[in-house]
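There are 2 protein chains.
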Amino acid sequence: MPEFDDVDRQLLRMLREDGRCTFSEMAPEVGLSVAAVKRRVDRLKDTGVIKGFTVQIDHTKLGWGIEAFVELSYTGTTPVGEIVRTCYTVPEVQAVFTIAGDPDALVHVRVRDIEHLQQVIDGLRRVGQVTGTKTLMVLGSWTRTA
Amino acid sequence: MPEFDDVDRQLLRMLREDGRCTFSEMAPEVGLSVAAVKRRVDRLKDTGVIKGFTVQIDHTKLGWGIEAFVELSYTGTTPVGEIVRTCYTVPEVQAVFTIAGDPDALVHVRVRDIEHLQQVIDGLRRVGQVTGTKTLMVLGSWTRTA
DNA sequence: GTTGAAATAGATTCTTC
DNA sequence: GAAGAATCTATTTCAAC
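First to last, the protein sequences are chains A and B. For the first sequence, this note's numbering begins at 1 and goes up steadily by one. For the second sequence, this note's numbering begins at 1001 and goes up steadily by one.
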């Protein structure tokens, strides 16, 4: 990453708040022309700073109201790559974080109800050499800019 | 949420993979007309299923290479709303999850380096009635569809 | 639910400074 | 680096089915 200035930061902030924000909307905000804004956003994509765009979904509205983090501990011989692989095949898993120390992984899951959560946790325990789990039930959440 | 069918699910899946996917791109995929796709996406926005759109950023490219989860425990008298409020004023905090049981909150932070992480954790400890913290350093991560 | 057409707006490219 | 104009593409609305 060579130069990266306040204008770039401003553009990223605007795109974080609205990923479909147009060049014409951003241009006056940063005091540049539409063409100049396009060149900057293109450069952010080319350099990989912008990985892509996505939609923000309210999962409770879809009936997937329960969110939890599952801490997983594995036997010492389990390679990290296998931990991730055994987790992301489970459709309820939203994200997997491999961790230094204890636990070995933190898995973010989203489920319809408690019974469903129980099934998902059982599924995670079964695959691989899991030695223990601890489930953190999410009561509420706040995410930056969402 | 009244009716919500496979076409809607397909549209959400496509928008998750590319939030800037156009109606004209989605229409042939789901076998509907452009106008019909627009009506469905508009309905998903109106009903709140679609909360918004955002950009996916590679923070390592911006020099914020370290990611961690901090488990926070509070005194019994601390209201949940205050926990969230004291956390999201810290700019390094990406997300706050309030938890049922122990710990009371799980905080996702993103920092430049270890020294910076130390400062952020110290900052989180200072505000509110924090009785203990445990930090999970993220070695690697996988997120659905990202 | 569909099609097609028309109007608007945004993206993109090119030439200019 | 930047602006402005021309072109193309997509969105949006509408009428009719």
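All residues carry an ideal CB built from backbone N, CA and C; glycine is no exception. Everything numeric in this text was worked out from a predicted model, so none of it was measured.
Discussion item. For chain B, check one thing: does any of its Cβ atoms lie closer than 7 Å to the Cβ of methionine 137 of chain A?
Written reply: Among the residues facing chain B, methionine 137 of chain A is included, as its CB has a counterpart in that chain under 7 Å away.
Worksheet item: By how many angstroms is the C-alpha of valine 1030 of chain B removed from the C-alpha of valine 1007 of chain B?
Response: 6 Å
Discussion item. Cβ closer than 8 Å: which chain A residues qualify as neighbours of threonine 1098 of chain B?
Written reply: Val138, Leu139, Gly140, Ser141
Worksheet entry | Burial state of alanine 167 of chain A (16 or more Cβ within 10 Å) | This structure cannot settle anything about residue 167 of chain A, because the visible part of chain A is limited to 1 through 146.
Worksheet item: Residues of chain B with a CB under 8 Å from the CB of arginine 40 of chain A: which are they?
Response: Residues of chain B passing the Cβ test: none, with the nearest at roughly 13 Å.
Worksheet entry | C-alpha gap between glycine 81 of chain A and aspartate 104 of chain A, whole angstroms | Distance between the alpha carbons of glycine 81 of chain A and aspartate 104 of chain A: 12 Å.
Item to complete: Report yes or no: do the segment 1020-1035 of chain B and the segment 128-137 of chain A share at least 3 C-beta pairs separated by less than 8 Å?
Response: The segment 1020-1035 of chain B vs the segment 128-137 of chain A: no contact.
Worksheet item: By DSSP, does threonine 135 of chain A sit in helix, in strand, or in coil?
Response: strand
Discussion item. Between leucine 124 of chain A and chain B, is any beta-carbon pair separated by less than 7 Å?
Written reply: Taking Cβ atoms only, chain B never reaches closer than 7 Å to leucine 124 of chain A, which makes this a no.
Worksheet item: Just to confirm, are histidine 108 of chain A and phenylalanine 69 of chain A a CB contact at a threshold of 7 Å?
Response: yes
Worksheet item: Using DSSP with H/G/I as helix, E/B as strand and the rest coil, what is glycine 1076 of chain B?
Response: coil
Worksheet item: Using 8 Å as the threshold, is the segment 1084-1096 of chain B in touch with the segment 1038-1052 of chain B, meaning 3 or more CB pairs across them?
Response: no
Fill in: Neighbouring residues, chain B, relative to isoleucine 114 of chain A (Cβ below 7 Å)
Under the 7 Å cutoff, chain B gives no residues; its nearest Cβ is about 11 Å from isoleucine 114 of chain A.
Worksheet item: Start and end of the alpha helix (DSSP H) containing phenylalanine 4 of chain A?
Response: It is not in any alpha helix (DSSP H) - phenylalanine 4 of chain A carries neither H nor E in the DSSP assignment.
Fill in: C-alpha distance - leucine 1136 of chain B paired with leucine 1032 of chain B, whole-angstrom precision
46 Å
Item to complete: Tell me whether glutamate 17 of chain A sits in a helix, a strand or coil according to DSSP, three-state version.
Response: helix
Worksheet item: Measuring CA to CA, which of A:Arg43, A:Val55, A:Thr86, A:Ser141 is closest to valine 122 of chain A?
Response: Correcting the residue identity first, residue 122 of chain A is aspartate in this sequence and not valine. The shortest C-alpha separation from aspartate 122 of chain A is found at A:Thr86.
Worksheet item: Applying the criterion that 16 or more other CB atoms from any shown protein chain within 10 Å of the CB defines a buried residue, is arginine 126 of chain A buried or exposed?
Response: The residue in question, arginine 126 of chain A, is exposed, as its Cβ has fewer than 16 Cβ neighbours within 10 Å.
Worksheet entry | Assigned exposure category for glutamate 1003 of chain B - 16 Cβ within 10 Å defines buried | By the neighbour-count rule (16 or more Cβ atoms within 10 Å), glutamate 1003 of chain B is not buried but exposed.
Discussion item. With H, G and I counted as helix, E and B as strand and the rest as coil, what does DSSP make of glutamine 1010 of chain B?
Written reply: Three-state DSSP puts glutamine 1010 of chain B in a helix.
Practice prompt. State the Cα-Cα distance for the pair methionine 14 of chain A and threonine 1060 of chain B, rounded to the nearest angstrom.
Written response: 19 Å
Worksheet item: Looking at the C-beta of arginine 1117 of chain B, does it have a partner C-beta in chain A at a distance below 7 Å?
Response: For clarity, residue 1117 of chain B is leucine in the given sequence; the question names arginine instead. For leucine 1117 of chain B, the answer is no, since every Cβ of chain A falls outside 7 Å of its Cβ.
Worksheet item: Helix or strand or just coil, what does DSSP make of glutamine 119 of chain A?
Response: helix
Discussion item. If you reduce the DSSP assignment to three classes, tell me which class arginine 1144 of chain B lands in.
Written reply: Here DSSP, grouped into helix, strand and coil, assigns arginine 1144 of chain B to coil.
Worksheet item: According to a CB-to-CB cut-off of less than 8 Å, which residues of the segment 12-38 of chain A neighbour chain B?
Response: Leu12, Leu15, Arg16, Glu17, Asp18, Gly19, Arg20
Worksheet item: Between B:Thr1047, B:Lys1051, B:Leu1062, B:Val1055, which lies nearest to threonine 47 of chain A when the distance is taken from Cα to Cα?
Response: B:Leu1062
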